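> Structure incoming, see below.
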Amino acid sequence: MFTRRSHNSDKEEEKNKYEKASSQILESGVDKNIFGYKKFKYCYQSPFINYQKKISAYLNSGKKVLEIGAGSGNYTGIIANTGAELIATDISAQSLEVSKILNADFTNIDYKIADIEDLPFENEKFDAVLSSGSLSYGDFEKVKTELVRVLKKDGLLICTDALNNNPVYRYKRLFDAYKGKRTHMTYRNIPTVRSIEILLKDFKEEEVLYFGSMTWLLAMLPNYPIVKDLSNFIDKMIKCKRSA
């Protein structure tokens with residue numbers, strides 16, 4: 170028998186998990202050498218490589234940028250390196266402390282504790298909002314409303330995240346939720362093709378790319394660069410979308 174926890178209880182659990190993990194990093198020391206897509210195994214890298222390419226292509230020193238769910242700053246420095254005026258936000262104060270150490274060389278980053286469901290910024294403040302893997306940490310409708318609200322009318326949303334249509338991934342995540350390895354909130358809020366389509370109604374232009382249809386299998390192989398190429402080949406061959 171399972172008792173469903175409340176959304177706020179799950180959110181608090183996720184916050185505490187990242188507070189604990191970040192505190193351990195602060196105690197053991199922050200590794201400044203590995204960040205961005207290189208933190209991941211080759212089979213997982215392609216969407217993150219694309220994310221970094223978009224950051225470099227669309228951001229510059231004239232942009233005011235918000236990063237939501239910035240965590241311990243894996244992409245914060247990459248964003249700041251464009252020269253953009255960046256506010257990096259996360260619900261975990263300790264995670265932001267890790268980011269401050271990792272990205273200490275940058276002077277164009279402001280850090281702020283913030284909930285992605287209730288961003289503490291005025292309407293139409295930012296030229297771009299960026300998110301890497303953070304959308305499932307809030308109610309989809311609330312997060313969508315906040316993203317659109319804080320973006321300027323011609324603003325950009327640059328985002329990479331998991332997708333929950335593929336049954337292999339979906340049932341594995343559901344099993345993890347019932348085993349207590351993840352919260353039910355983060356399972357329920359993982360984006361789907363349908364939620365992406367709903368989000369895009371608020372934008373006049375779009376580019377959506379899908380990756381990782383066979384990552385669940387390729388992750389079992391040795392971690393060699395050719396695995397990334399194989400993943401990209403399979404995605405292209407089957408025109409990956411709902412299997413992503």
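Heads up: the sequence shown begins at 170 in this note's numbering, then just goes up one per residue. All C-beta atoms in this analysis are idealised placements derived from N, C-alpha and C, irrespective of residue type, glycine included. Source: prediction; values computed, not measured.
1. Grouping DSSP H, G and I as helix and E and B as strand, with all else coil, what is Phe295?
2. Entirely within the stretch 205-238 and at least 4 residues each: give me those alpha helix (DSSP H) ranges in chain order.
3. Closer than 8 Å is the cut-off here; do at least three beta carbon pairs connect the stretch 230-240 with the stretch 293-305?
4. Roughly how many angstroms separate the alpha carbons of Ser175 and Ala262, rounded to a whole number?
5. Applying the criterion that 16 or more other CB atoms from any shown protein chain within 10 Å of the CB defines a buried residue, is Lys189 buried or exposed?
6. Three Cβ pairs or more, each shorter than 8 Å: is that satisfied between the stretch 299-308 and the stretch 276-283?
7. Using only alpha-carbon positions, find the residue among Val377, Met389, Ser241 and Tyr393 that is nearest to Leu326.
8. Look at Ala239 and Thr245 and say whether their C-beta atoms are less than 9 Å apart.
9. Hey, how far is the Cα of Glu182 from the Cα of Ile260?
10. Are Lys397 and Tyr211 touching if we call contact CB-CB under 9 Å?
11. Quick one, which of Ile285, Pro289 and Ser241 has its alpha-carbon nearest Lys269's?
12. Go through its chain and collect everything with a Cβ distance to Lys311's Cβ below 6 Å, but skip five positions before and after it.
13. Considering only residues of the stretch 264-324, which uninterrupted beta strand (DSSP E) runs meet the minimum length of 3 residues and lie entirely inside it, listed in chain order?
14. Between Lys186 and Ile282, what straight-line distance do the alpha-carbon atoms span, to the nearest angstrom?
15. Output the boundary residues of the beta strand (DSSP E) element that contains Ala346.
16. With three or more beta-carbon pairs closer than 8 Å as the criterion, would you say the stretch 206-221 touches the stretch 387-401?
17. Sort out for me which residues DSSP pairs Asp259 with in a bridge.
On the basis of the data shown:
1. Reading the sequence shown from its first residue, position 126 is the one you call residue 295. Under the three-state reduction of DSSP output, Phe295 falls in the strand class.
2. Fully enclosed alpha helix (DSSP H) runs of 4 or longer: 215-227.
3. The stretch 230-240 is in contact with the stretch 293-305.
4. Locating residue 175 in the sequence shown gives position 6, counting from the first residue. Locating residue 262 in the sequence shown gives position 93, counting from the first residue. Spanning the two alpha carbons is a distance of roughly 22 Å.
5. Here residue 189 corresponds to residue number 20 of the sequence shown, with the count starting at 1. Answer is exposed; the Cβ neighbour count stays below 16.
6. Contact annotation: the stretch 299-308 does not touch the stretch 276-283, with fewer than three C-beta pairs closer than 8 Å.
7. To locate residue 326, count along the sequence shown from 1; it is residue 157. Minimum Cα distance to Leu326 is reached at Val377.
8. Numbered from 1 along the sequence shown, position 70 holds the residue referred to as residue 239. Numbered from 1 along the sequence shown, position 76 holds the residue referred to as residue 245. Yes, they are a contact pair.
9. Indexing the sequence shown from 1 puts residue 182 at position 13. Indexing the sequence shown from 1 puts residue 260 at position 91. Roughly 11 Å between the two C-alpha positions.
10. By one-based count along the sequence shown, residue 397 stands at place 228. By one-based count along the sequence shown, residue 211 stands at place 42. The Cβ atoms of Lys397 and Tyr211 sit closer than 9 Å to each other.
11. If you number the sequence shown from 1, residue 269 lands on position 100. It is Ser241 whose Cα lies nearest to the Cα of Lys269.
12. Residue 311 sits at position 142 when you count from the first residue of the sequence shown. Within the same chain, Lys311 has close Cβ partners Glu286.
13. Every beta strand (DSSP E) of 3 residues or more that sits fully in the stretch 264-324 is shown, in chain order, as 278-282 and 295-301.
14. Here the question's residue 186 lines up with position 17 in the sequence shown. Here the question's residue 282 lines up with position 113 in the sequence shown. Approximately 16 Å, taken between the alpha carbons.
15. Taking the first residue of the sequence shown as position 1, residue 346 is located at position 177. Not the beta strand (DSSP E): Ala346 falls in the alpha helix (DSSP H), residues Pro336 to Tyr347.
16. Using a Cβ-Cβ distance cut-off of 8 Å, the stretch 206-221 and the stretch 387-401 are in contact, since at least three pairs of beta carbons, one from each stretch, lie closer than that value.
17. The residue you call residue 259 lines up with position 90 of the sequence shown. Bridge partners of Asp259: Ile282.
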